[in-house]
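Notes follow once the structure below has been shown.
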Amino acid sequence: LAKTTQPISMDSYEGQEVNITCSHNNIATNDYITWYQQFPSQGPRFIIQGYKTKVTNEVASLFIPADRKSSTLSLPRVSLSDTAVYYCLVGEAGANNLFFGTGTRLTVIP
Amino acid sequence: EAQVTQNPRYLITVTGKKLTVTCSQNMNHEYMSWYRQDPGLGLRQIYYSMNVEVTDKGDVPEGYKVSRKEKRNFPLILESPSPNQTSLYFCASSKQSTIYNEQFFGPGTRLTVL
Chain A
88 LAKTTQPISM
98 DSYEGQEVNI
108 TCSHNNIATN
118 DYITWYQQFP
128 SQGPRFIIQG
138 YKTKVTNEVA
148 SLFIPADRKS
158 STLSLPRVSL
168 SDTAVYYCLV
178 GEAGANNLFF
188 GTGTRLTVIP
Chain B
378 EAQVTQNPRY
388 LITVTGKKLT
398 VTCSQNMNHE
408 YMSWYRQDPG
418 LGLRQIYYSM
428 NVEVTDKGDV
438 PEGYKVSRKE
448 KRNFPLILES
458 PSPNQTSLYF
468 CASSKQSTIY
478 NEQFFGPGTR
488 LTVL
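Going down the list, the sequences are from chains A and B.
According to the working numbering, the first sequence holds residues 88 to 197 in order.
According to the working numbering, the second sequence holds residues 378 to 491 in order.
Written as structure tokens, this is what we have:
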């Protein structure tokens, strides 16, 4: 499992775009990048997954440069309800031993 | 509604008193796992199961047991709980896939061992 490094915390004002970057220098050829969101006292929830370039869904976008040694989760126009911990995971598709780490605590300020 | 359920949601017990936390999923998922979450340590995997009768250790299996006799259920057993097992526990399930591995998590069980 590739090790990931994320900022411990971030603050943002409501309505702003938030970008959370994850570093994964040892990512393997078969590894995918997955992001989860966790609200206080709830289980993590899958947000988005990608292998390269850009992936977008109704919740977020994921940008992955050509070397794949990092990735950026982009949350457009955050609201107070986006306050949560965001985890970046790297692992082989189909792998089930996920390493969550400590994630990035995002606080959205009114 | 597709979901993972855990019971109990909250439990206070004493050292050495055997307990079981149940986990059930209604999505016909092959894979199930247990995590514990502690402040500053993130989520750590305890045990996982690839299918019925197949279980394997995760990162922190000491002091825990699991069984997978049915596809939908994956109970976590603490034979002799100790205070260092006070934690927030999550069960998760997912479909076996070679494409991607979205895991669905239960609501959590907060366990306190006195």
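Glycine residues also receive a C-beta, built at the ideal position from the N, C-alpha and C atoms.
Practice prompt. Take every Cβ of the region 459 to 471 of chain B, pair it with every Cβ of the region 431 to 439 of chain B, and state whether three or more of those distances are shorter than 8 Å.
Written response: no
Discussion item. Considering Cα atoms alone, identify which of E479(B), E456(B), L491(B) is closest to M404(B).
Written reply: E479(B)
Discussion item. Helix, strand or coil, according to DSSP, for L396(B) in the structure here?
Written reply: strand
Worksheet entry | Residue interval of the beta strand (DSSP E) (run including N106(A)) | 105 to 110
Discussion item. Can you pull the chain B neighbours of F187(A), defined as C-beta to C-beta under 7 Å?
Written reply: G419, L420
Worksheet item: Thinking C-alpha only, which one of P163(A), R155(A), P197(A), V146(A) is nearest C109(A)?
Response: R155(A)
Practice prompt. Could you check if D415(B) is buried or exposed, using at least 16 other CB atoms within 10 Å of its CB as the buried criterion?
Written response: exposed
Discussion item. Assess contact between the region 150 to 165 of chain A and the region 378 to 393 of chain B, defined as three or more Cβ pairs (one per stretch) separated by less than 8 Å. Is contact present?
Written reply: no
Worksheet item: What are the start and end residues of the beta strand (DSSP E) that includes M409(B)?
Response: 408 to 415
Practice prompt. Please confirm if F126(A) has its CB atom under 7 Å from at least one CB of chain B.
Written response: no
Fill in: Proximity of K448(B) and V431(B) at Cβ, strictly below 7 Å
no
Worksheet item: Run through DSSP, which three-state label would L167(A) get?
Response: helix
Item to complete: Output the distance between the C-alpha atoms of F401(B) and C175(A), rounded to the nearest integer angstrom.
Response: Note that residue 401(B) is Ser in the sequence shown, not Phe. Taking the straight line from one Cα to the other gives about 26 Å.
Item to complete: Under 8 Å Cβ to Cβ from E104(A), same chain only, skipping five residues before and after it: list those, please.
Response: S161, L162, P163, R164, V165
Fill in: Selection from V490(B), L491(B), F482(B) that minimises the alpha carbon distance to S128(A)
F482(B)
Worksheet item: Along the chain, where does the beta strand (DSSP E) that runs through G419(B) open and close?
Response: 419 to 428
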